[in-house]
Amino acid sequence: MGVLRDNPELALFLCLAVGYLVGKLRFGPITLGGICGTLIVSLLLGTRDVSVDEDVKTVFFALFIFSLGYMAGPQFFANLNRRSLRFFALCLIELVCVLGIAFGLAKGFDLDVGTASGILAGAATESAVVGTATESIGKLSGLTADQISEYQGHVATAYTVCYLFGLITIVLLTSQFMPILLRIDLADASRELWEKMRGGARGLEADEREALPGTVGRTYLVTLADGRTVGDLERSQGRRVTVEGVKRGSELLTPTPDLELTLSDLVQVVGRRSAIIEAGRLIGPETPAVPGLDTPMATSQVAVTDRATHGSTIEMLEKRHPEFREDGVYITDVLRNDQHLPAAAQTELQRGDVLTLTGARGGLNRLVSKVGAVVRNDSTDFVYLGLGIAAGSLLGQVVVRAGDVPLSLGTGGGCLVAGLLFGWFRSRRQTFGAFPPQAASTLKDMGLAVFIACTGLAAGPHAWPLIKEYGALLPVAGIAMVLVPASVSLVVGRKLLGIEKPLLIGAIAGQQCSTPAITAVTQVARSSVPLLGYTITYALSNFLLPLTGPILVGVLGA
Numbered sequence: 203m204g205v206l207r208d209n210p211e212l213a214l215f216l217c218l219a220v221g222y223l224v225g226k227l228r229f230g231p232i233t234l235g236g237i238c239g240t241l242i243v244s245l246l247l248g249t250r251d252v253s254v255d256e257d258v259k260t261v262f263f264a265l266f267i268f269s270l271g272y273m274a275g276p277q278f279f280a281n282l283n284r285r286s287l288r289f290f291a292l293c294l295i296e297l298v299c300v301l302g303i304a305f306g307l308a309k310g311f312d313l314d315v316g317t318a319s320g321i322l323a324g325a326a327t328e329s330a331v332v333g334t335a336t337e338s339i340g341k342l343s344g345l346t347a348d349q350i351s352e353y354q355g356h357v358a359t360a361y362t363v364c365y366l367f368g369l370i371t372i373v374l375l376t377s378q379f380m381p382i383l384l385r386i387d388l389a390d391a392s393r394e395l396w397e398k399m400r401g402g403a404r405g406l407e408a409d410e411r412e413a414l415p416g417t418v419g420r421t422y423l424v425t426l427a428d429g430r431t432v433g434d435l436e437r438s439q440g441r442r443v444t445v446e447g448v449k450r451g452s453e454l455l456t457p458t459p460d461l462e463l464t465l466s467d468l469v470q471v472v473g474r475r476s477a478i479i480e481a482g483r484l485i486g487p488e489t490p491a492v493p494g495l496d497t498p499m500a501t502s503q504v505a506v507t508d509r510a511t512h513g514s515t516i517e518m519l520e521k522r523h524p525e526f527r528e529d530g531v532y533i534t535d536v537l538r539n540d541q542h543l544p545a546a547a548q549t550e551l552q553r554g555d556v557l558t559l560t561g562a563r564g565g566l567n568r569l570v571s572k573v574g575a576v577v578r579n580d581s582t583d584f585v586y587l588g589l590g591i592a593a594g595s596l597l598g599q600v601v602v603r604a605g606d607v608p609l610s611l612g613t614g615g616g617c618l619v620a621g622l623l624f625g626w627f628r629s630r631r632q633t634f635g636a637f638p639p640q641a642a643s644t645l646k647d648m649g650l651a652v653f654i655a656c657t658g659l660a661a662g663p664h665a666w667p668l669i670k671e672y673g674a675l676l677p678v679a680g681i682a683m684v685l686v687p688a689s690v691s692l693v694v695g696r697k698l699l700g701i702e703k704p705l706l707i708g709a710i711a712g713q714q715c716s717t718p719a720i721t722a723v724t725q726v727a728r729s730s731v732p733l734l735g736y737t738i739t740y741a742l743s744n745f746l747l748p749l750t751g752p753i754l755v756g757v758l759g760a
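Each number in the working numbering comes from the position in the sequence shown (counting from 1) with 202 added on.
The structure is reproduced here in structure tokens:
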């Protein structure tokens, strides 16, 4: 242990490695996850008086919370509209319930501010609350340094116990019990809803691929189209096909609209399957692929920046831009936040969504600028990143008094708000402030993991006394603070808001910000349909729940 005490960087990364290994342990449909595993390992190691400098924890928490806000920002602001009010109501239910229960437990059982905050963070399975609450406790007046250290340790310990029971409860509740309560087979209900969204077309299972893809390329030998121009051929099919290449003897020709086809030319055509078949009847027999004439399908990622596109479905977007059908370009993926949504006809698009467009290169290049801005995410813009975190840190220093109660966002809350604003602003014009999703996700995960490890190491000496003092209260609180808001949301979501059942289950997982829960739900559903509800409440709760830490600390510490 002396080596770990003298080399805190060794202890820190050992906690990460062993913690994430522990987090991979699976119990039925439940895995602890790397963050919970890291906290357990760091708490155990912390009992041996191994610690890391406090500044390390502060820096990495700022990176985590800013990245979290940055990734959620576009969807958070996009969901502040009438259409999302019914999902916003679920987030408010979560917010009111967890704050009310935590405050009631604190008063009823005379809990200190650290234990109450840890129960709130763990039962809500929202790791960010650990940071915002811990920071707020450090700013409470009237406490000695030892009391602050003790209460901050209680946050981590209570969080660990309550998180375990809260996680198990939300995973089982959403993936196993809610389908029974709603009297549905989740897989069948998701498939039916997807078919409805696709205009009646059957959705594919996760392991299925189209046997007859809609976009195809074919090569034909000219025997019937002698003297016909490329433009005539494309117009004859309503511009649902494009001529991508012409080979005359050994020469490759540029397929301009005025180019006349002659006997024995080899022509490559790309477009909708039905149109390709019709075009072939006008050109001549189909031939095998021709070396040098095989034009590959290209892909491009485009961010939705046009205000008119926000709220449109994929079907509406394709009708608004005939180039989709004319040039054989298709939307094959929709990325919202860090979730992939089905590219179905009725999938509603929002500003900030990243669309993957696939098609022949010529048609793709003509269409991209009309849909949005090409995503420039080849490297991180550290100027934008640094300014965002600095602005968030300054915002967190602002103190507002509600009577005698001082309220402050702190570094955590300030960086969260700054992340939301900077992420939203970037989504409107994706030509500056690049922060690739992979980089943002890595910083978010790394920042949280290091912060949790530092917190666990500092809390280790206080862990066992707290568990002995409160015993069964912590697991019971963890279960209750999941069951109450989830049950209320289930009733309100169906009876008052009329949310479709698969979407409602996903939304309840999202209001809890529980990635393990939505993972289990989509596995049971064998579909990504529940993600459509999850992404909305997840974005909203990611902003609202971290703010509950300073609120609870401020009220209890007054």
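Just so it is clear, CB atoms sit at the ideal spot from N, CA and C, and this is done for glycine as well.
Ser629 has its alpha-carbon roughly 5 Å from the corresponding atom of Gly554. Taking each of Met380, Tyr365 and Ile321 in turn and checking the Cα distance to Val300, the smallest one comes out for Ile321. At the C-beta level, Lys646 and Phe266 come within 7 Å of one another. Within the DSSP bridge table, the entry for Leu455 names Val448 as partners. Annotation for Pro381: Leu388 place their beta carbon closer than 6 Å to its own, counting only its chain and skipping 5 residues before and after. Using a C-beta cut-off of 8 Å, the region 348-360 makes no contact with the region 681-689, since fewer than three inter-stretch Cβ pairs fall below that distance.
Rounded to whole angstroms, the separation of the alpha carbons of Leu622 and Thr558 is 24 Å. In this structure, the CA atom of Val252 is about 9 Å from the CA atom of Ser244. Contact holds between the region 443-452 and the region 465-473, because three or more Cβ pairs, one in each stretch, are under 8 Å apart. A straight line joining the alpha-carbon of Tyr353 with that of Phe263 spans about 19 Å. When beta bridges are read from the DSSP output, Tyr422 appears opposite Val469 and Glu488. In the structure shown, Asp647 falls within a helical segment according to DSSP collapsed to helix, strand and coil.
If you look at Val224, you'll find it isn't in any beta strand (DSSP E); it sits in the alpha helix (DSSP H) that goes Pro210 to Gly225.
Leu375: not part of any alpha helix (DSSP H); DSSP gives it neither H nor E.
For Ala505, the beta-bridge partners assigned by DSSP are Val556 and Ala575. Within its own chain, the residues whose Cβ lies closer than 6 Å to the Cβ of Ala641, once the five positions on either side in sequence are excluded, are Thr582, listed in chain order.
In the three-state reduction of the DSSP assignment, Asp580 falls in the coil class.
Going by C-alpha positions, Glu397 is about 20 Å away from Leu537. In the three-state DSSP reduction, Ile701 falls in the coil class, being neither helix nor strand. In the DSSP assignment, His542 is bridged to Leu537.
Around the beta-carbon of Ala661, 16 or more other beta-carbon atoms lie within 10 Å, marking it buried. For Asn744, the number of other beta carbons within 10 angstroms of its own is at least 16, and it is reported as buried. Counting the other Cβ atoms within 10 Å of the Cβ of Gly302 gives fewer than 16, which makes it exposed. Note on Glu211: under 16 other CB atoms within 10 angstroms of its CB, so exposed under the neighbour-count rule.
The region 328-347 makes contact with the region 737-751; the number of CB pairs closer than 8 Å reaches 3 or more.
Straight through space, the alpha carbons of Gln714 and Leu287 are spaced by roughly 17 Å. DSSP places Val254 in no alpha helix (DSSP H); its state is neither H nor E. Inter-residue distance for Pro752 and Leu246 is about 27 Å (C-alpha atoms, whole angstroms).
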